[in-house]
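Novice: Read top to bottom, the protein sequences are chains X and P. End of the first sequence = 128 in the working numbering, gap-free, step of one. End of the second sequence = 117 in the working numbering, gap-free, step of one.
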Amino acid sequence: GAVVSQHPSRVICKSGTSVKIECRSLDFQATTMFWYRQFPKQSLMLMATSNEGSKATYEQGVEKDKFLINHASLTLSTLTVTSAHPEDSSFYICSARSRSLRGWDTYEQYFGPGTRLTVT
Amino acid sequence: GEDVEQSLFLSVREGDSSVINCTYTDSSSTYLYWYKQEPGAGLQLLTYIFSNMDMKQDQRLTVLLNKKDKHLSLRIADTQTGDSAIYFCAEKRARDSNYQLIWGAGTKLIIKP
């Protein structure tokens, strides 16, 4: 159990266009989803946290008008990169959190396989 | 500071043990995690340890926690080529009424034949 999917896995788009990335929790309900950006040889950078049915909370330095996040249901969150530029090229990873499926009182984050965005 | 620190690379021979080290800063962290990222893939939770534990073993994986020094290590016994990946250390830190994971930069494990 606890599978998170992302679609698409890879996308190449032209500068100025918008790209939508979907993140789905396939076999559990995710009240909270996270969006990360990963740079080569660097750690994960948390971009925003979204709770189902409410507005996303963005980290400092992340433009909310550029990276639109929608968490419309307990199994789906989307990240739209608007007016993409080459500097937005990166590996975007989503993560969904659920109460531990093992029954312990802890929450676990499950990660999607990531989306490689290349803006030309 | 907020940093979780790891070495960027570790090279070991196949069959040897690998020890990946991590230091963190928040003494109030309750959980510490090790994630594995294989090339082109997402992150996979390998193991985690509660802050009140010193050691946790799960098959070939052994996690050691030194709370005094805020040092966490992951030992992989009998390292195999399939263990080639980037290993991330993360600490769970309270934030407002929620929590967030603070990540290290990842250690790339390179296996020599």
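Idealized CB from N, CA, C, for every residue including glycine. These numbers were taken from a predicted model, which means no experiment stands behind them.
#1: In chain order, what residues of the same chain lie with their CB nearer than 6 Å to the CB of Ala64(X), ignoring the 5 residues before and after it?
#2: Could one say the Cβ of Gly108(P) lies closer than 9 Å to chain X's Cβ atoms, at least one of them?
#3: Spatial neighbours of Ile106(P) within its chain, please: C-beta separation below 7 Å, excluding the five flanking residues on both sides.
#4: If we cut at 9 Å on Cβ distances, does Gln104(P) have a partner in chain X?
#5: Ile101(X) CB to nearest chain P CB: under 9 Å?
#6: Run through the DSSP bridge pairs and tell me what Asp30(P) is partnered with.
#7: Counting only Cβ-Cβ distances shorter than 7 Å, please list the residues of the stretch 39-71 of chain P near chain X, keeping chain order.
#8: Determine the direct distance from the alpha carbon of Val67(P) to that of Lys74(P), and round the result to whole angstroms.
#9: Counting only beta-carbon separations shorter than 9 Å, does Val8(P) have a partner in chain X?
#10: Quick one: does Glu116(X) have its CB under 9 Å from some CB of chain P?
Specialist: Straight from the coordinates:
#1: The beta carbon of Ala64(X) is closer than 6 Å to those of Ala56, Ser58 and Ile77 in its chain, skipping five residues each way along the sequence.
#2: So yes, Gly108(P) belongs to the interface.
#3: Taken in chain order, the residues that qualify are Glu6, Val8, Ala94, Glu95 and Arg97.
#4: Using a CB distance cut-off of 9 Å, Gln104(P) counts as an interface residue toward chain X.
#5: For Ile101(X), at least one C-beta of chain P is nearer than 9 Å to its own C-beta.
#6: None; Asp30(P) has no bridge partner.
#7: Those residues of the stretch 39-71 of chain P that come within reach of chain X (Cβ to Cβ, closer than 7 Å) are Ala45, Gly46, Leu47 and Leu49.
#8: Their backbone Cα atoms lie some 13 Å apart in a straight line.
#9: By this cut-off, Val8(P) is an interface position.
#10: Among the CB atoms of chain P, one or more fall inside 9 Å of the CB of Glu116(X).
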